[in-house]
Amino acid sequence: MRKRNQAAWAVVFLAPSAIPLVLFTLLPMVSSIRISLLSWNLISDPRFVGLANYAKLLASPTTLGVFGNTLGYVVGYLPLVYVGGLLLALALNARIPGRGFFRALYFLPVITSWVVVALVWKWLLNPSNGLVNAVLGALGLPQPGWWTDPNWALASVIIASAWKDLGFVMVILLAGLQAIPSDLYEAARIDGASGWRTFWNITLPLLTPSTFFVVVISLINGFQVFDQVYVMTGGGPQGSSQVVVGQIYDLTFRYGRAGEAAALSWLLFAVILVVTVIQMWGQRKWVQHV
Numbered sequence: 024m025r026k027r028n029q030a031a032w033a034v035v036f037l038a039p040s041a042i043p044l045v046l047f048t049l050l051p052m053v054s055s056i057r058i059s060l061l062s063w064n065l066i067s068d069p070r071f072v073g074l075a076n077y078a079k080l081l082a083s084p085t086t087l088g089v090f091g092n093t094l095g096y097v098v099g100y101l102p103l104v105y106v107g108g109l110l111l112a113l114a115l116n117a118r119i120p121g122r123g124f125f126r127a128l129y130f131l132p133v134i135t136s137w138v139v140v141a142l143v144w145k146w147l148l149n150p151s152n153g154l155v156n157a158v159l160g161a162l163g164l165p166q167p168g169w170w171t172d173p174n175w176a177l178a179s180v181i182i183a184s185a186w187k188d189l190g191f192v193m194v195i196l197l198a199g200l201q202a203i204p205s206d207l208y209e210a211a212r213i214d215g216a217s218g219w220r221t222f223w224n225i226t227l228p229l230l231t232p233s234t235f236f237v238v239v240i241s242l243i244n245g246f247q248v249f250d251q252v253y254v255m256t257g258g259g260p261q262g263s264s265q266v267v268v269g270q271i272y273d274l275t276f277r278y279g280r281a282g283e284a285a286a287l288s289w290l291l292f293a294v295i296l297v298v299t300v301i302q303m304w305g306q307r308k309w310v311q312h313v
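Residue numbers 24 to 313, in the numbering used here, belong to the letters of the sequence shown in order.
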């Protein structure tokens, strides 16, 4: 009787979060599996086609292209945001005047709307009258076409994304830095270890749990990039910055191919799952705990 009462109370307390999870996450996921097996334009009656949508996507060069662009985004974004966040965390972990103010300042972009950030960076990187090209021109450096140039469009999105997410990475790594016991640094100083050697042999290894978290979250978010691409480039020019989620959006609402869009979303899910599993398996070999 007591166990039943405990179970009933558990259901009561879990319901406020469990019900929205089921209605707005789990049920849409199940529905998307069914839709991926259909040919449907959102208007006429759907027609069952089995795995034809998956076969069509896997044979399409466009699918390979959007996955390639997404991977290119992740490869460019992850090192930039991690190194930048680490440098900020190291700087703001030191005892400097106004440390709290700078921490809040660098975290501000994280809570700013993606649409706002993307529009600001679209203006900053405007090839004609943007601030970035004005500075580059004053220094006598080349002035790229940024989001109007197929060779620079994806780089424009990467720069905007890294700038927005630096504060998040900084906070996570800063927490990791503050969790490292200070007596380890004192012992290193007594042994005469240099600052670089201390960083390489103490800070970086003991920061690996935070690094692992940042890498996993950043990779998952990176593979699902959409907002900034949609606002800054719309996937162009010439599809040079089109990513997987952008292609899912276009297949659904621009081309009326909801079945293919649902199938593509599950292909993306499979890629993210494989990458995450590999990371979870590999972290046992390089993550060190205090």
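Every residue gets a Cβ at the ideal spot worked out from N, C-alpha and C, and that includes glycine.
Query	Result
Taking the straight line between their C-alpha atoms, what separation do you get for Trp137 and Asn64?	29 Å
Can you list, in chain order, the residues of its chain whose CB lies under 7 Å from that of Leu197, leaving out five sequence neighbours each side?	Ala112, Leu115 and Asn116
Which residue from Ser67, Val35 and Ala284 puts its Cα closest to that of Thr85?	Ala284
Tell me the DSSP secondary structure of Ser62 in three-state form.	strand
Going by CA-CA distance only, name the one from Leu296, Trp144 and Val158 that's closest to Val239.	Leu296
So the alpha helix (DSSP H) Trp289 belongs to, where does it begin and stop?	Ala281 to Trp309
Can you pull the DSSP bridge partners for Arg70?	Ser62
Using only the alpha-carbon positions, how far apart do Gly279 and Leu162 sit?	48 Å
How far does the alpha helix (DSSP H) with Asp250 in it reach, from first residue to last?	Asp250 to Met255
Could you name the residues of the same chain whose beta carbon sits closer than 8 Å to that of Tyr105, not counting the 5 residues immediately before and after it, in chain order?	Val192, Thr234, Val237, Val238 and Ser241
Given that a residue counts as buried once 16 or more other Cβ atoms are within 10 Å of its Cβ, and exposed if not, what is Ile66?	exposed
Decide if the stretch 210-230 is in contact with the stretch 252-262; the criterion is three or more beta carbon pairs, one per stretch, under 8 Å apart.	no
First and last residue of the alpha helix (DSSP H) that includes Thr234?	Thr231 to Phe246
Taking all protein chains shown into account, decide if Asp206 is buried (16 or more other Cβ within 10 angstroms of its Cβ) or exposed.	exposed
So the alpha helix (DSSP H) Pro84 belongs to, where does it begin and stop?	Pro84 to Asn116
At which residue ranges does the stretch 148-190 contain complete alpha helix (DSSP H) runs of 4 or more residues, listed in the order of the chain?	154-161
Quick one: give me the first and last residue of the alpha helix (DSSP H) that Phe276 is part of.	Note, Phe276: premise wrong, no alpha helix (DSSP H); not H, not E.
In whole angstroms, give me the CA-to-CA distance for Ala202 and Leu230.	9 Å
Are Val140 and Trp186 touching if we call contact CB-CB under 9 Å?	yes
For the alpha helix (DSSP H) that Trp219 lies in, which residues bound it at each end?	Gly218 to Thr221
In the DSSP assignment, the alpha helix (DSSP H) including Ala202 goes from what residue to what residue?	Here Ala202 belongs to no alpha helix (DSSP H), and DSSP marks it neither H nor E.
Looking at the secondary structure, which residues open and close the alpha helix (DSSP H) in which Phe130 lies?	Arg122 to Phe130
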